[in-house]
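Chains as they are written, first to last, in our numbering: chain A, 1 to 255; chain B, 256 to 378. Beta carbons: idealized from backbone N, C-alpha and C, even for Gly. Please read these numbers as outputs of a predicted model, since none were measured by experiment. For reference, the structure is listed below as structure tokens.
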Amino acid sequence: MTERGGLTKEEVRDLFHRYHAAQDEDDRTRLRERLVDQYIGLVEFLARRFRNRGEPLEDLVQVGTIGLLKAIERFDLDREVEFSTYATPTVVGELKRHFRDKGWAVRVPRRLQELHLELTKIVSKLGQDLGRAPTVPEIAKEASISEEQVLEGLEIAQAYNFTSLDAPIDADNGDSTSFADQMGGEDEQLETLEYRASLAPEMAKLPERERHILYLRFYKGMTQSEIADRLGISQMHVSRLLNRTLVRLRHALEE
Amino acid sequence: METVKVAIPAAPRYVQVVRLIAAGLASRLGFTLDEIDDLKIAVDELAAYLTGTQGRDGTLDIVFGVAGQRITIDGTAHLSIGDGVRTDLTDFSRMILDTVADEASLTEDGGKPSFHLVKSRGS
Numbered sequence: 001m002t003e004r005g006g007l008t009k010e011e012v013r014d015l016f017h018r019y020h021a022a023q024d025e026d027d028r029t030r031l032r033e034r035l036v037d038q039y040i041g042l043v044e045f046l047a048r049r050f051r052n053r054g055e056p057l058e059d060l061v062q063v064g065t066i067g068l069l070k071a072i073e074r075f076d077l078d079r080e081v082e083f084s085t086y087a088t089p090t091v092v093g094e095l096k097r098h099f100r101d102k103g104w105a106v107r108v109p110r111r112l113q114e115l116h117l118e119l120t121k122i123v124s125k126l127g128q129d130l131g132r133a134p135t136v137p138e139i140a141k142e143a144s145i146s147e148e149q150v151l152e153g154l155e156i157a158q159a160y161n162f163t164s165l166d167a168p169i170d171a172d173n174g175d176s177t178s179f180a181d182q183m184g185g186e187d188e189q190l191e192t193l194e195y196r197a198s199l200a201p202e203m204a205k206l207p208e209r210e211r212h213i214l215y216l217r218f219y220k221g222m223t224q225s226e227i228a229d230r231l232g233i234s235q236m237h238v239s240r241l242l243n244r245t246l247v248r249l250r251h252a253l254e255e
Numbered sequence: 256m257e258t259v260k261v262a263i264p265a266a267p268r269y270v271q272v273v274r275l276i277a278a279g280l281a282s283r284l285g286f287t288l289d290e291i292d293d294l295k296i297a298v299d300e301l302a303a304y305l306t307g308t309q310g311r312d313g314t315l316d317i318v319f320g321v322a323g324q325r326i327t328i329d330g331t332a333h334l335s336i337g338d339g340v341r342t343d344l345t346d347f348s349r350m351i352l353d354t355v356a357d358e359a360s361l362t363e364d365g366g367k368p369s370f371h372l373v374k375s376r377g378s
């Protein structure tokens, strides 16, 4: 019997053995990528279950992949379960957390969720066509809606930030090392940034992806569109993560 | 220069209104989405010094100026508390603002904490 990604169970077991035994960072990265390839179908399958909630599927797959990476990191071959069985709750948990963090499903009217989804697609398409971030009139024309509606739709993405602030800041940074590895670890240079000492612990607590976006935007000076391309997520998703991270750091600094 | 003025309660949830107005004006000037997002980040960053994260008792007067391809935003806080508002930017804020704005400063103008922000199209 073969697993979804084409490898047999035995080959998958072997891959996990080699992954957990590997010391060399390049080996680990390479083996992890093979495991991700093997199970990305599972992530896509699970992400599709959430696709009617006003988020682009590609972003959901990205979120689900974080769950997959956590599961790969934690999976113990001694457990008598298939990896896919083991990983499913982790991936679903990550997707649910994504929505819960935003308070999105309950707080944002359906009409605006759909508008937001539509805008995300159009911004991505125009960005590729134009080779730069689009302007509001360009987006409005493409979407056949008014510029005011575009502005409203863009701001919606940030609105939940205010509601989610009351939620406790999750500190599961121990899980996110896998993401750091995947990113190549270059944002370790973020450590060299001159920031207030009181901010350092909070910076360390940030999810790896958020730290990486912070690094690419403010240290490397990449635009949000460039970061979106680089990470394979939408510009609006980058915008949202960046805003959320800055709000969170601002809170940390004040406390 | 043409101006737009607004006064809001000194609370983060009203700063969102300022973000929307800033975005609306920037959009008229032909700012790209990235530039508009940058402007919003700058507004948030500076306004946060005046409102705190929980909001403060008082109001913010915001004046938007539009000239050519340039937008300026000046904010002045009228707060019931006279002190306790820091008006020196952290290094981290400085780094953010240097990235997203052409000019950004925080001052204490006659006892009133204020910010000044400038961003041009294509910058």
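| query | result |
| --- | --- |
| Which of helix, strand or coil does DSSP assign to B/Pro368? | strand |
| For A/His98, which of A/Arg250, A/Arg111, A/Arg240 has the nearest alpha-carbon? | A/Arg240 |
| With H, G and I counted as helix, E and B as strand and the rest as coil, what does DSSP make of A/Phe75? | coil |
| To the nearest angstrom, how far is the alpha carbon of A/Phe75 from that of A/His237? | 29 Å |
| State the DSSP-derived secondary structure class of A/Gly6, mapped to helix, strand or coil. | coil |
| Run through chain A and tell me which residues come within less than 8 Å of B/Ile351, C-beta to C-beta. | Phe218, Leu246 |
| Which same chain residues, not among the five before or five after B/Ala262, have their C-beta less than 6 Å away from its C-beta? | Thr314, Asp316 |
| Quick check on A/Gly134: buried or exposed, where buried means 16 or more other Cβ atoms within 10 Å of its Cβ? | Looking at the sequence provided, one finds Pro at residue 134 of chain A rather than Gly. Buried. |
| Given a threshold of 16 other Cβ atoms within 10 Å of its Cβ, counted over all protein chains shown, does A/Leu35 qualify as buried or as exposed? | buried |
| Could you check if B/Ser335 is buried or exposed, using at least 16 other CB atoms within 10 Å of its CB as the buried criterion? | exposed |
| Restricting to Cα atoms, I'd like to know which of B/Arg325, B/Gly323, B/Val318, B/Thr345 is closest to B/Ala332. | B/Val318 |
| A/Asp26 by DSSP, collapsed to three states: which one? | helix |
| According to the neighbour-count rule (16 or more other Cβ atoms, all chains shown, within 10 Å of its Cβ), is A/Leu42 buried or exposed? | buried |
| Give a single yes or no on whether A/Val150 has its beta carbon closer than 6 Å to a heavy atom of the ligand COA. | As for the ligand COA, it is missing from this structure, which has no ligand bound. |
| Excluding the 5 residues preceding and the 5 following B/Ile296 in the sequence, name in chain order all residues of the same chain whose CB lies nearer than 8 Å to its CB. | Ile351, Val355 |
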